[in-house]
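Here's the structure we're looking at; comments come further down.
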Amino acid sequence: MMFALWQRDGCEDRVDTVKALSLIDMFVPYFPLSRETVSRIMSSAIERRVAALNAERVDRGFEGRVGVRVEQRALEFLNDRIEWDGSYAVEGAKEVSTVIRRHVFGLLYGLAGEEEKEGEYELDLDEGSGKVVLRKKG
Numbered sequence: 001m002m003f004a005l006w007q008r009d010g011c012e013d014r015v016d017t018v019k020a021l022s023l024i025d026m027f028v029p030y031f032p033l034s035r036e037t038v039s040r041i042m043s044s045a046i047e048r049r050v051a052a053l054n055a056e057r058v059d060r061g062f063e064g065r066v067g068v069r070v071e072q073r074a075l076e077f078l079n080d081r082i083e084w085d086g087s088y089a090v091e092g093a094k095e096v097s098t099v100i101r102r103h104v105f106g107l108l109y110g111l112a113g114e115e116e117k118e119g120e121y122e123l124d125l126d127e128g129s130g131k132v133v134l135r136k137k138g
């Protein structure tokens, strides 16, 4: 199909087209990611970071673990930092790690280094500052 389109439109010489197509092993369809899917990917990435943080705590000899619950408002805020074209993420999930690094990892980093930081936390949106914050529960 692709070869027929290129040949019909006369974009380049046939030899160049054949060379280009010979370099392709397979075509993989791209399915755009919705906001819901990007939110799940973001939650999963944060959960993996919390698991790594707890592993760091064990390596440092700390007994207590930390748990982080991500509030919906925080996820919506983080999702808004992704570039969207209508209902779909322009770059798929490529921007997720950058958004999380910029808005979340710094908050979690402090939990790894101090033993008294164990416990349950929630990642939420502070209405006043418009930033994601980490609050200890209870």
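Heads up: the sequence shown begins at 1 in my numbering, then just goes up one per residue.
Each residue gets a CB set at the ideal place from its N, CA and C atoms; glycine is no exception.
Cα-Cα separation between residue i and residue j, rounded to whole angstroms
i: A89; j: L33; result: 6 Å
i: P29; j: S44; result: 24 Å
Counted within 10 angstroms of its Cβ, other Cβ atoms place residue i as buried (16 or more) or exposed
i: Y121; result: buried
i: F31; result: exposed
i: L23; result: exposed
Integer Cβ distance of residue i from residue j, believed to fall under 8 Å
i: L108; j: R49; result: 6 Å
i: V66; j: G119; result: 6 Å
i: G64; j: E115; result: 7 Å
i: R81; j: V99; result: 5 Å
Same chain only: Cβ atoms within 8 Å of residue i, ignoring 5 sequence neighbours per side
i: L125; result: E71, R73, A74, E76, F77, K131, V132 and V133
i: N79; result: R35, V38, S39 and M42
i: G138; result: G119 and E120
Reference residue i, options the options, closest by Cα
i: S117; options: R57, E83, P29 and W84; result: Residue 117 is actually Lys in this sequence, not Ser. Comparing Cα positions, the closest option is R57.
i: G106; options: G64, R60, I46 and E95; result: I46
Closer than 7 Å: residue i CB and nearest the ligand HEM heavy atom
i: S44; result: The ligand HEM is absent from the structure shown, which contains no ligands of any kind.
Own chain partners of residue i with C-beta closer than 7 Å, once the 5 adjacent residues on each side are dropped
i: A112; result: L53, E56 and R57
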